[in-house]
Amino acid sequence: MPRTLSAPVTVAFDYTRSTGPVLGRFLSGLRDGVVVGGRTSEGKVVVPPPEFDPVTHAAVDDFVEVADTGTVTSWSWVPEPVKGQPFERPFAFALVTLDGADAPLLHALDVPSPDDVTTGVRVRIRWRAERVGAITDIECFEPAVAEVRGAPATSLEAAAASARSETPEVSRLASLAPQPPAVTGIVVPIELDYLYAASPEESLFYTSLSEGKLVGQRCPTCGKVYIPPRSACQADGTPTAEEVELPDTGTVTTFCIVNVPFLGQRITPPYVSAYVLLDGADIAFLHLILDIAAEEVRMGMRVKAVWKPKDQWGTTIENISHFAPTGEPDADYETYRVHL
Amino acid sequence: MRDVAVVGFAQRQMAQFDGSPTCVELLVPLFADCYEQTGWTRRDIGFWCSGSSDYLAGRSFSFVQAVDAIGVIPPVNESHVEMDLAWAMYEAWIKIQTGEADTALVYAFGKSSAGVLRRTLALQLEPYTMTPLWPDTVSLAGLQARAGIDAGLWDERAMAEVANRSLTDAEKNEYAVRQGGSSVEELLSRPMYADPLRKHDCAPVTDGAAALVIAAEGRAREVCERPAWIRSLSHFVDPMSLGTRDLKRSPSAQRAGAASDLDGVEVAELHAPFSHQELILCSELGLADDVRINPSGGALASNPMFSAGGIRIGEAARQIWSGSADRVLGHATSGPALQQNLVCVMGSEG
Amino acid sequence: MAKQPAAVIGVGQTHHRAKREDVSMAGLCREAMDRALEDAGLGLDEIDAIVVGKAPDLFEGVMMPELFLAEALGAAGKPLLRVHTAGSVGGSTAIVASSLVQAGVHRKVLTVAFEKQSESNAMWALSVPIPFNMPVHAGAGGYFAPHVRSYIRRSGAPNHIGAIVAAKDRQNALKNPYAHLRNPDTTVESVLASQMLWDPIRYDETCPSSDGACALVIAAEDVASGSPNPAWIHGTVMRSEATSAAERDQVNPQASRDAAAALWKQAGITNPIDEIDAAEIYVPFSWFEPMWLESLGFAEPNGGGWRLTESGETAMDGRLPVNCSGGVLSSNPIGASGMLRFGEAALQVRGAAGEHQVDGARRALGHAYGGGSQFFAMWVVGSEKPSN
């Protein structure tokens, strides 16, 4: 029997990132099937272009087109790819210095095994057929074999030479904006899976809930009863251990009426989110109030838990569907004033 | 500058912690250890600072609940950095230098096993052109390892020597999650994992927490017979880009070393989550061959995220407390391929 | 050992907007930083250390973004720190930066706090459901609304107080060229007519979600003495307490009271309402103005706060101008908001607050809070060097 309860949580969002002018220029180039680097104040061509010059700190605005062929300057093998990486089967990550650039770019290299790559090997970009203006427009690098597919060695070398020369008409695009609208943003979906574990005290609380009981813990130092229980009394840091079973009746100390819908919300607004101070507890916890019009809920209202049918119970506070008014007279303000 | 010493240290590590990612449950006994070592209670602590990362826990404000472990009635002077324990200690050291506090307890925690660490750490990269490829820390470290191999600065044998020594020393460390040296030949006979790295060249995924107590002058002398006096505390950062950095080097580590007086350092606890990184650090810090490296086993034996750097400082301090050494160094790193580095030199004289 | 004197000699901020789609994260930070450096008359290379502040990384989906930003922020080759203390982070970051100078470790520190929260959605990032718990949590507003209700009950406040604050701060924002919300039609009536979001908090009583950054240059005495108008730091305090300890006062938290008392003592202030000329107080939901006025000691507890607000004394021409910049209600890049309060206080005593300047302001308060009203960071700045 595990000591703690756990459940999966996925934290996922499609992040919308605005790129600013420098990365936008780089990504626009990728969309157009061209790699654009930035020339720094020291005369180095860096891919991707740094947003700000490493020496002068000024925004980089000297853009240089480089070739889509280059040399591997380092690589490492990925034997067990994780979700989101460029391939689902083993591949290599590589630093590739493209012809015309002075600094390498990080990307994937599609080779069948570590034996098929060495530092210094010539590679070329495999472009994605449909490009949107993202680093993944480059699907990966692949070995550049000179005689393959109409890319004879001589024209590769010529392209490399012209990319490297000081004032080539072809490679200098500093003042030329791309014709389709420039890329200004990218969408990066980020999804991370976690296994969330509750602490042993919280686990006890949730396990008790699965048996229809509300169990808190008392701090040995100050005597306060915490529900849900914490690993340490927040007032003095003492670990709490003494279990205290509490009734499922209590008082609403304060509350709000949630009207606003939001992403990830699970209860449909309008709903009353209230702090319920169970009889015998010294802290209140948030729960839902139903079976009464929202505008009639008031501070001090006496409530009782309404449990879901037993066959729907799990190890969760959601076994209590909501709290409903008992009809008793409201608790005197003085009895819960210190809990506000 | 005020004289400040490390006077307390506690740690807990495990391959997989089954409790809450807030790690309060781990912190409570650590604080108890610190109080026992110093004879203090929470009311003697003038400043608290923690180190952790929301992304490790998968929740915003994950450090907030950890404050429960302190017992914050009355309220406390407290701060938090989204960095390793070593930098939380730095902030506390600064606070003591201002005179606002004389004692501080810093702590850090991390439940790496809550997520898939290799994926989570891909978010620690440049978000536009790196993260979308989800490069993992092992691959990035591999790129660095290969750069040194290609340049003839080290080879797989040198890496295996680091791993073997670390795993052997870890046998004496009750906190290490990976132990057991064998021989360089045996390690080299094990299969390649993420070429050029073998599994033992990479730190194990570890959950854990740690705490350090630091105090100024007289307060330190009150509670510790041989305080580990902080002689220097420096840190620097390099650019992240793997393209523009010379991966065979760590300039920020070199700067941190240069800002410290490393003469006479006998023991160095270096935070090197990959075996080749220890070789880079020894070179950047200019450590002589007779300096004892990582008697604890180092990060290759146990690497709880966000406390591993601070643990190096604690382990180094222990060498002073026990009388084993008079001058020691604790190092911490952050970011891919030794991007950010902190060096703490401690000495025995008051 | 006494703290070495330190002063703010440069303040910079971005134009705060719902979405700054024209810049990357680096661009956003540099906009604020470059303004602060120009104000200080310094170049990035002259800075000794950089301190970055930012709220939860989930907002931008980047773990420890200061690492990838290091080069763009001019931090390569320098010491870099990253502070995260929830909503108070902008303030605590400024305090950590000041400590570096007050400790005598650095002479010129640049600190920048930012949030580019439009890259995700702030409410989502603040409300990711935790297993086993009741998913009633409804963002920051949903958290604070019950405690606002408690304040109203405790103090007997009439219902329109929140609207007075909202109208005031939004009108003030019209005099701040950087503010996000600049709507000239906001009045007490229009606020009261706006939709109830988390009863009792209305739509117009709620802060916006903004992209933005704020940067400060903090310098040692010898450097600051070369500045025409430094804002000398007279006191800094941070205090924290637990989220839900038994009998914790959520309306007037102990940590807030303790922090304020310690701050006034450090700054040698015995009568805050008379001695503070302008206050930038962290008010993300309008009712927090009267609540914090009481907690900080500007007004008597359990009612003094709302009476002060109602009397008009917290308006720009009042006895204690509060949030002349428009405050958090007008611009809220969460990670930066605390530093904006600290920076705006500095602008006031430097006579550099432009159209929203309080004439002759000599001492000002910058205040920030975070978490469940549990983390507090505050400072007092003045136009004269502190006497202590």
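Chains as they are written, first to last, in this note's numbering: chain U, 1 to 340; chain C, 1001 to 1350; chain P, 2001 to 2388. Beta carbons are placed, not taken as given, at the ideal position from N, Cα and C, and that holds for glycine. No experiment lies behind these values; they were computed from the predicted model shown.
- By the rule that beta-carbons nearer than 9 Å mark a contact, Gly84 of chain U does not touch chain P.
- For Ile1094 of chain C, at least one C-beta of chain P is nearer than 9 Å to its own C-beta.
- Residues of chain U whose Cβ lies closer than 8 Å to the Cβ of Ile2009 of chain P do not exist; the shortest such Cβ separation is about 19 Å.
- In this chain, the alpha helix (DSSP H) harbouring Arg1157 of chain C covers Glu1156 to Ala1170.
- For Leu1329 of chain C, none of the residues of chain U pass the 8 Å Cβ criterion, the least Cβ distance being about 29 Å.
- For Ile2269 of chain P, the nearest beta carbon of chain C is not closer than 9 Å to its own beta carbon.
- DSSP links Arg218 of chain U through a beta bridge to U:Val225 and U:Glu242.
- According to DSSP, residue pairing for Cys1049 of chain C in a beta bridge involves C:Ser1079 and C:Val1106.
- For Phe2285 of chain P, the closest of P:Pro2321, P:Phe2144 and P:Pro2272 by C-alpha to C-alpha distance is P:Phe2144.
- Distance check between Phe2059 of chain P and each of P:Gly2077, P:Met2025 and P:Ala2075 places P:Met2025 closest, using alpha-carbon atoms only.
- Between the region 2309–2323 of chain P and the region 2273–2281 of chain P there are three or more C-beta pairs closer than 8 Å, enough to call the two in contact.
- Judged by DSSP secondary structure, Phe1306 of chain C falls outside any beta strand (DSSP E); it is assigned neither H nor E.
- Within chain P, Ser2024, Ala2026, Gly2027, Arg2030, Glu2071 and Ala2072 have C-beta atoms less than 9 Å from the C-beta of Glu51 of chain U, given in sequence order.
- Using a Cβ distance threshold of 9 Å, Trp1087 of chain C and His1276 of chain C do not count as a contacting pair.
- Residue nearest to Gly2139 of chain P within the set P:Cys2207, P:Cys2029 and P:His2367 is P:Cys2207 (criterion: CA-CA distance).
- Ala2007 of chain P sits close to Ala2231 of chain P, with the two beta carbons spaced by under 9 Å.
- The straight-line gap separating the alpha-carbon atoms of Lys213 of chain U and Leu288 of chain U is approximately 18 Å.
- Between Val1028 of chain C and chain P, the shortest Cβ-Cβ separation is not below 9 Å.
- Our two residues, Val47 of chain U and Lys2116 of chain P, have alpha carbons roughly 25 Å apart in a direct line.
- Per DSSP, the unbroken beta strand (DSSP E) holding Thr69 of chain U starts and ends at Thr69 to Val78.
- Under DSSP, the beta-bridge partners assigned to Ala1268 of chain C are C:Ile1293 and C:Leu1329.
- Rounded to whole angstroms, the Cβ separation of Ala1203 of chain C and Pro1135 of chain C is 17 Å, and the two are not in contact under 8 Å.
- Residue contact with chain C for Gln234 of chain U: present (Cβ-Cβ distance below 9 Å to some residue of chain C).
- For Ser6 of chain U, the enclosing beta strand (DSSP E) starts and ends at Ser6 to Ser18.
- Cβ proximity to chain C below 7 Å picks out Met2238, Arg2239, Ser2240, Glu2241, Ala2242, Thr2243 and Ala2245 from the region 2233–2249 of chain P.
- Contact between the region 57–66 of chain U and the region 1112–1132 of chain C is absent: fewer than three C-beta pairs spanning the two stretches fall below 8 Å.
- Under DSSP, Trp2198 of chain P shares a beta bridge with U:Val258 and P:Ile2201.
- The Cβ of Arg1198 of chain C sits no closer than 9 Å to any Cβ of chain U.
- Taking a Cβ-Cβ threshold of 8 Å, the residues of chain C close to His107 of chain U are Leu1133, in chain order.
- Ile320 of chain U is bridged by DSSP to U:Trp307.
- Closer than 9 Å at the C-beta level to chain P, one finds these residues of the region 198–214 of chain U: Ala198, Glu202, Ser203, Phe205, Tyr206 and Leu209.
- In the three-state reduction of the DSSP assignment, Pro1029 of chain C falls in the helix class.
- When C-beta distances to chain C are compared with 7 Å, the residues of the region 109–139 of chain U below that value are Pro114, Thr119, Ala134, Ile135 and Thr136, in chain order.
- A residue is called buried when at least 16 other Cβ atoms come within 10 angstroms of its Cβ; Lys1172 of chain C does not meet this threshold and is exposed.
- Three or more Cβ pairs closer than 8 Å define a contact, and the region 2059–2076 of chain P meets that threshold against the region 2013–2033 of chain P.
- For the 9 Å CB-CB criterion, Tyr206 of chain U and Thr97 of chain U do not form a contact.
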